[in-house]
Amino acid sequence: GESVGLHLPTLSVQEGDNSIINCAYSNSASDYFIWYKQESGKGPQFIIDIRSNMDKRQGQRVTVLLNKTVKHLSLQIAATQPGDSAVYFCAGGTGGFKTIFGAGTRLFVKA
Amino acid sequence: SAVISQKPSRDICQRGTSLTIQCQVDSQVTMMFWYRQQPGQSLTLIATANQGSEATYESGFVIDKFPISRPNLTFSTLTVSNMSPEDSSIYLCSVEDHGGVTGELFFGEGSRLTVL
Chain F
112 GESVGLHLPT LSVQEGDNSI INCAYSNSAS DYFIWYKQES GKGPQFIIDI
162 RSNMDKRQGQ RVTVLLNKTV KHLSLQIAAT QPGDSAVYFC AGGTGGFKTI
212 FGAGTRLFVK A
Chain U
-15 SAVISQKPSR DICQRGTSLT IQCQVDSQVT MMFWYRQQPG QSLTLIATAN
35 QGSEATYESG FVIDKFPISR PNLTFSTLTV SNMSPEDSSI YLCSVEDHGG
85 VTGELFFGEG SRLTVL
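See the structure below:
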């Protein structure tokens, strides 16, 4: 079956440092991967996505890396800010629009 | 992007009762998705709701327990039937946007149900 999971349930970083959140997946047939941010009391919010034929994609302060050899996905947040404190989910999907979510990592940013 | 409104935002329900959650989107969308997020957990897809056809349920979810309506391209409801404390969760409505590189999902704020 398809599953997307995370290495660490929580991550604590100092404000201004870079954060790296990791994710492993099992389904090599996933067409795309997406990182979502969920703040308390809200629905998940899109951060960045990457197609399976790419290995890196950059956004504003965020970079997603995809290593298909080891089925690993990471989200890098540069200069982490208090507003980045949230739960981060990786998700994978295929054509047919069925998106599977990973377990989530809670990011704490220390001031 | 799509803006999604859900009602109720939260409710406390008695065991054995049923509750209907409403989801309104500010634009017409083909598919709407219902997810469940149990406390401290990730999101699990319950079903996909297409306008004009029966909803497609994921493994472990059945229509009798989670009936879904999709009367038009901007609205859907999810009913949680015969509730038990195990149904205490956040229920999230989402839609997909194909304007980006991949199938980005937009979510409502969620409906937090507590079953006593």
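Just so you know, the protein sequences line up as chains F and U, in that order.
Position 111 (the first sequence) corresponds to 222 in the numbering used here; numbering is contiguous.
Position 91 (the second sequence) corresponds to 75 in the numbering used here; numbering is contiguous.
From the three backbone atoms N, C-alpha and C, an ideal C-beta is built for every residue, glycine too.
Note that the structure is a prediction, hence the values are computed from the model and not measured.
Neighbour flag for residue i against chain U, beta carbons, 7 Å
i: F/K153; result: yes
i: F/F219; result: no
i: F/A135; result: no
i: F/S163; result: no
Limits of the unbroken beta strand (DSSP E) element including residue i
i: F/K68; result: The shown model of chain F, from 112 to 222, leaves out residue 68 of chain F, and the question about it has no answer.
i: F/I155; result: A quick correction: the sequence has Pro, not Ile, at residue 155 of chain F. Taken as a continuous stretch (DSSP letters only), F/P155 belongs to no beta strand (DSSP E), as it is neither H nor E.
i: U/M16; result: M15 to Q21
Test item: CB-CB of residue i and residue j under 7 Å
i: F/Q149; j: F/A189; result: no
i: U/E93; j: U/Q(-10); result: yes
i: U/T103; j: U/T63; result: Given that chain U is displayed from residue -15 to residue 100, the structure contains no residue 103 of chain U and the question cannot be resolved.
i: F/W146; j: F/I158; result: yes
Status (buried if at least 16 other CB within 10 Å, exposed otherwise) for residue i
i: U/L100; result: exposed
i: F/L117; result: The predicted model places F/L117 with a pLDDT of 47, which falls under 50 and marks its position as unreliable; any figure quoted below should be read in that light. Flag for F/L117 reads buried.
i: U/G84; result: Residue placement at U/G84 is flagged as unreliable, the pLDDT there being 42, under the threshold of 50; the coordinate-derived value follows with that caveat. Answer is exposed; the Cβ neighbour count stays below 16.
i: F/V181; result: exposed
i: F/G203; result: buried
i: U/F(-8); result: With the sequence shown as reference, residue -8 of chain U is identified as Pro, and Phe is not the correct amino acid for it. Classification of U/P(-8): exposed, given that the 10 Å Cβ count is below 16.
i: U/A39; result: buried
i: F/D227; result: The structure shown does not extend to residue 227 of chain F, since chain F is modelled only from 112 to 222, so the question has no answer here.
Chain F contact for residue i (CB, 7 Å cutoff)
i: U/E93; result: yes
i: U/G87; result: yes
i: U/S26; result: yes
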